[in-house]
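>
Residue numbers (this note's numbering), protein chains in the order written: chain A, 179 to 292; chain B, 8 to 119.
1) Could you give the DSSP three-state label for residue 87(B): helix, strand or coil?
2) Any chance you could list the beta strand (DSSP E) runs of at least 3 consecutive residues sitting entirely within the segment 203 to 256 of chain A, in chain order?
3) Under the three-state reduction of DSSP, which class applies to residue 149(A): helix, strand or coil?
4) What are the boundary residues of the beta strand (DSSP E) that residue 64(B) is part of?
5) Cβ of residue 268(A) less than 7 Å from any chain B Cβ?
6) Can you say whether residue 38(B) is buried or exposed, counting buried as having 16 or more other CB atoms within 10 angstroms of its CB?
7) Is the beta carbon of residue 216(A) closer than 7 Å to that of residue 180(A)?
8) Which residues share a DSSP beta bridge with residue 100(B)?
9) Compute the Euclidean distance between the alpha carbons of residue 114(B) and residue 54(B), then round it to the nearest angstrom.
10) According to DSSP, is residue 196(A) part of a helix, a strand, or is it coil?
11) Residue 63(B) CB to nearest chain A CB: under 7 Å?
12) On a CA-only basis, which of 244(A), 207(A) and 192(A) is nearest residue 274(A)? Give me that one, please.
13) Please classify residue 46(B) as buried or exposed, where buried requires at least 16 neighbouring CB atoms within 10 angstroms.
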């Protein structure tokens with residue numbers, strides 16, 4: 179199994195540009211989520227989904243959109259990139275929405291906004 | 008809201024030294040508690056977890072005990088190796104929603 183696959187691994191954007199970070203999992207996981215990792219702040223939840231067609235906001239959703247049209251895919255869209263969105267982004271999934279479930283993480287996307 | 012506070016780093020140790028990383032939490036209900044580890048250039052992976060008070064999670068020589076009375080989940084390892092160099096994150100999962108809250112992370116470097 180490939181697990182959780184994120185693309186691209188690195189991206190540089192100019193302020194105001196838009197882009198989509200891709201996330202796919204091949205484990206038939208019910209729950210998917212996006213986090214951003216910033217120095218000294220740990221991981222902060224951006225958006226999450228408890229199943230196809232269902233998404234909700236996390237702690238820091240502003241400037242980001244998500245959709246979950248299939249169980250496998252959970253893309254994260256940056257509408258108009260800002261330097262404050264420079265970060266490392268992780269997609270994660272779990273088998274169910276139960277709160278004691280293990281999260282499986284992708285290898286991350288390092289995004290720089292100039 | 009729920010939150011996790013963990014010991015700030017960085018922590019530098021010699022091989023075979025004892026490691027403790029403190030983690031305390033604030034939660035309204037009965038959360039599940041986790042330690043995740045991030046090796047250089049990789050995503051996070053689960054190290055261990057505990058789902059109720061007095062549970063002890065253990066894996067790869069690491070241990071942590073869910074202490075409700077002190078709201079703590081400290082990570083310990085008796086004898087670290089160079090391969091344990093990583094960033095360690097404490098996290099909690101609130102049973103009333105679908106969100107996992109992470110601490111800021113502690114960078115551990117083990118020298119040979």
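Backbone N, C-alpha and C define an ideal beta-carbon position, used for all residues, glycine too.
Taking the coordinates as given:
1) coil
2) 209 to 216, 220 to 229, 232 to 235, 242 to 244 and 254 to 256
3) There is simply no residue 149(A) to check, as chain A begins at 179 and stops at 292 in what is shown.
4) 63 to 66
5) yes
6) buried
7) no
8) 39(B) and 107(B)
9) 15 Å
10) coil
11) no
12) 207(A)
13) exposed
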